[in-house]
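What follows is a single structure, written as structure tokens, with notes after it.
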Amino acid sequence: MQTEFISAFDVVLGVLERFWPVWIALVLVMGVSFAYKKKLALYGQLFDSGVGIAGVGICLFWLFTAIFASTISPFDPLAQVSIMKDTLPGAIEPTSKLVYYFGGDKLARDVFSRMVYGSQIVLIIAPAATGFALMVGITLGLPAGYYGGKIDTLLSFLANLVLAFPVILLFYLLVTPGIMDTPIPYAMAGLFFLFPIIFFSVLFWTRFKNRPDRLYILLGITLVVGGWIYAGLVFDADPLKIVHIDPNQLNIFVAVVFASSPGVFRIVRGLTMDIKTRDYVAAAQTRGESPWYIMLWEILPNARGPLIVDACLRIGYTTILLGTLGYFGLGLAPESPDWGTAIKDASRLLRSFIHPALPPTIALMSFVLGLNLLADSLREQSMKD
Amino acid sequence: MLSFILRRLGTMALTMLCLTLVVFFLINLNPNLKKLAISQTEMHTSAEQLEDWLVNHGYRQNFFVRYGQWLGVLPKQPIIDPATGKPAQRFSFCNDPVEPKFSGVLQGDFGCSTKFKTTVAAKLFPALGATGLLMFWVLAVMVPISLLIGILAGMREGSRTDRTLSVASIASTATPEYVSGVIFTVIFASWLGWLNGSAASASQGLTFYNFTLPVMTLAIYGTGYIARMTRASMVEVMTQQYIRTARLKGLSFGSVVVKHALRNALIAPFTVIMLQFPWLLTGVVIVEVMFRYQGFGYTLVEAAGNNDIDLLLGCSLVSVFIVLITQLISDVGYAFLNPRIRVQ
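If you read the sequences in order, they're chains X and S.
Quick note on my numbering: the first sequence kicks off at 161 and runs consecutively.
Quick note on my numbering: the second sequence kicks off at 506 and runs consecutively.
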């Protein structure tokens with residue numbers, strides 16, 4: 161039976177059409193942001209330069225793609241339609257009459273749908289892992305920079321220890337199937353996921369310790385929500401069964417947090433050492449504020465500019481790391497639609513078919529590019545102030 | 506200065522000791538040992554036989570004793586065959602001691618590679634040579650290009666050249682090796698047919714045809730980063746008073762850039778280039794696997810994939826050493842290049 165194809169022009173039109181929810185959301189958000197940019201502080205200033213608009217646009221595009229993935233993609237990313245094996249872009253699937261816009265891969269899955277669903281995996285893991293790395297880095301970096309001395313020496317030595325590991329070696333050691341039989345990933349998860357709870361508890365405690373009415377509410381919320389997520393992630397014992405993570409994904413998550421928190425630690429430590437010599441810190445010390453109040457409420461807010469820029473770059477870097485993991489087949493399931501795994505599968509067959517390789521590579525590249533452009537224009541804007 | 510270097514060397518030794526201990530621990534986790542035993546016995550063996558194999562090959566000794574033996578601070582004991590009562594060889598392809606002796610990394614004995622069936626030294630050092638060649642060409646391409654881009658962009662901040670080159674360098678930092686490798690292979694090997702998509706033949710002899718793609722792929726990720734740093738440093742230098750003085754004296758823009766600005770602007774990129782080595786190391790692994798080039802990265806992946814304990818330890822030792830020594834060189838070199846910074 162002959163497979164029918166649509167023309168290249170129709171492929172482009174069809175792809176643009178499939179993304180319709182993204183376009184609508186993009187126009188809405190960008191339009192509103194542009195109209196009210198004067199009132200939106202740093203975020204609004206991004207819309208002053210072409211680079212900033214491009215960065216925000218690309219990031220939002222992938223964000224909405226991840227949200228609307230099930231509407232956009234015509235097929236299930238794991239479904240195999242054997243007749244469509246290795247078909248070229250634009251092939252029409254005979255039973256449903258839907259189109260394989262970017263062709264089929266070697267297991268006869270729709271490359272387009274896989275690319276769209278791949279964005280979900282990346283956009284969940286990369287920002288979340290970066291968030292945890294920030295929490296760990298901030299909670300350890302502030303005292304190291306503020307107190308100096310022995311704490312600093314010890315923590316810096318540990319951070320340098322992790323940084324001296326080539327990332328790829330670290331992943332080969334930490335993300336092997338065998339390690340799931342040992343308690344190591346769970347112990348590390350238990351340690352890392354504790355940091356956000358500590359961070360927020362100390363944050364609220366230092367600020368509101370003289371105002372019990374608000375303190376107890378905030379602390380209660382932190383402990384209940386934090387403990388609930390903690391139980392779900394680390395022990396997989398969420399009583400409501402909402403928070404759940406695969407052991408594989410937990411392992412990847414922990415490895416990525418482990419690899420990127422020393423970088424955050426170093427930046428926070430450097431910034432703290434710089435800021436603690438300022439007058440307002442001296443003023444707070446004279447007022448008799450506690451060290452943790454000064455760190456969290458005087459130093460940290462003033463370090464936010466470089467930290468936001470770094471967070472943007474770091475999400476991009478984490479995306480690259482996830483791709484590396486997928487490329488080496490570490491951690492993620494072999495049929496997972498994430499971009500790294502797709503690139504690995506396609507690059508083996510590059511001599512015969514090139515079309516399965518291009519969509520995931522371009523997707524990954526454009527997303528990281530968007531984040532880098534965003535970071536660059538954020539940096540430029542914060543320098544103007 | 507000398508005491509600074511000595512102190513740094515001391516910290517380096519301590520770091521390496523800690524890291525090798527961590528690696529040793531992770532490789533010798535029970536599931537990993539089981540995997541090794543299964544791959545080495547090559548038959549459907551019972552759990553008991555696997556355990557026997559591990560005991561007979563000395564993998565069940567005390568952890569710290571084995572680490573000490575690997576390091577060379579504890580003597581390696583000969584393994585006695587219970588049937589004959591004589592010292593037995595664990596593997597046919599490398600020699601175990603017949604009598605107790607110190608034979609570890611400190612003595613230059615890196616152990617046996619179970620995957621490649623040879624000694625680790627015989628496998629690791631030729632592979633390092635091959636990777637050194639790759640690194641040399643990558644640096645030879647990457648450094649001049651990125652410095653040039655950075656200087657051209659930073660020379661006149663905010664100009665059209667600056668905008669274009671900056672966006673180009675941001676784009677290059679957003680392109681990891683496995684992305685650029687695929688795109689380059691598609692363009693240059695599949696469509697144009699100019700270059701070879703595999704560097705497997707490069708171990709017999711380097712040619713432009715088989716070696717360009719790996720070098721290009723590896724160079725592109727670092728180029729953008731170094732160019733950005735050079736640009737930032739150049740922009741800063743160009744706003745200095747002495748540059749304005751030189752311009753006001755009537756010197757041409759070109760000669761101010763070349764004679765006055767360049768020397769000071771290149772201090773920061775030196776550090777950045779040195780600190781690029783750890784990143785290059787990861788890139789080397791990806792590129793060598795992608796283009797099937799038999800170097801250090803390829804060896805590392807094979808060792809990790811097959812849980813080849815001694816080889817993987819050797820690989821981690823080498824890579825950690827490279828990272829630490831480049832950090833040291835960058836610190837020392839920075840102090841030499843920049844007279845304003847002197848170590849107390």
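All residues carry an ideal CB built from backbone N, CA and C; glycine is no exception.
Source: prediction; values computed, not measured.
Put simply, the backbone Cα of X:F228 is about 7 Å away from that of X:V182.
Legend: CB atoms of the region 675-693 of chain S lying less than 9 Å from CB atoms of chain X belong to residues I675, A676, T678, A679, T680, P681, E682, Y683, V684, S685, G686, V687, I688, T690 and V691. Distance check between X:V241 and each of X:F221, X:T231 and X:G263 places X:G263 closest, using alpha-carbon atoms only. If you draw a 10 Å sphere on the C-beta of X:F272, you find 16 or more other C-beta atoms in it, and that means buried. Here X:F165 is bridged, per DSSP, to X:A251. Residues of chain X whose Cβ lies closer than 9 Å to the Cβ of S:M739 do not exist; the shortest such Cβ separation is about 16 Å. At least one beta carbon of chain S lies nearer than 8 Å to the beta carbon of X:F325. Burial state of S:D815 is buried, judged by a 10 Å Cβ sphere holding 16 or more other Cβ atoms. Relative to the Cα of X:W499, the nearest Cα in the group X:Y196, X:T290, X:P345 and X:Y277 belongs to X:Y277. Within the same chain, Cβ atoms closer than 7 Å to the Cβ of S:A808 are found at K620, L816, L817 and C820, the five residues on either side in sequence being excluded.
Contact check for X:T521 against X:W457 fails: the beta carbons are separated by 8 Å or more.
In this structure the region 725-743 of chain S lies against the region 674-687 of chain S, because at least three pairs of beta carbons, one per stretch, are closer than 8 Å. In summary, the residues of the region 767-794 of chain S whose CB is separated from some CB of chain X by less than 8 Å are P783, L786, T787, V790, I791 and V794, in the order they occur in the chain.
No Cβ-Cβ contact shorter than 8 Å links X:L321 with S:L576.
The C-beta distance from S:V648 to X:L333 rounds to 31 Å, too long to meet the 8 Å contact threshold. Chain S places a beta carbon closer than 8 Å to that of X:Y332, counting this residue as a contact. The CB of S:L534 comes closer than 7 Å to the CB of G338, I339 and T342 in chain X, given here in chain order. The alpha carbon of S:A552 has as its nearest neighbour, out of S:S703, S:N535 and S:G659, the alpha carbon of S:N535. X:L248 and X:F235 have their C-alpha atoms some 16 Å from each other. Shown here, X:Y260 sits in a strand according to DSSP, grouped into three states. Two segments are said to touch when three or more pairs of C-beta atoms, one from each, lie closer than 8 Å; by this definition the region 470-483 of chain X touches the region 528-540 of chain X. By the 16-neighbour rule on beta-carbons within 10 angstroms, S:M506 is exposed. S:N537 belongs to the set of residues whose beta carbon lies under 8 Å from a beta carbon in chain X. Of all residues in the region 567-585 of chain S, none comes within less than 9 Å of chain X when Cβ atoms are compared. In this structure, the alpha-carbon of X:F207 lies about 20 Å from that of S:R665. Nearest CB-CB separation between X:L314 and chain S: not below the 8 Å threshold. With contacts defined by Cβ atoms closer than 8 Å, S:T831 and S:P774 do not form a contacting pair. Contact between X:L510 and S:T690 holds, since their C-beta atoms are separated by about 5 Å, short of 8 Å. As DSSP reads the structure, X:C472 sits in no beta bridge. A Cβ-Cβ distance of about 16 Å is found for the pair S:I654 and S:L644, leaving them out of contact under the 8 Å criterion.
S:K628 sits buried, since 16 or more C-beta atoms from the chains shown fall within 10 Å of its C-beta. For X:T299, the uninterrupted alpha helix (DSSP H) run begins and ends at V271 to Y307, by DSSP. In the displayed model, S:T717 falls within a helix according to three-state DSSP. Between the region 193-204 of chain X and the region 250-258 of chain X there are fewer than three C-beta pairs closer than 8 Å, too few to call the two in contact.
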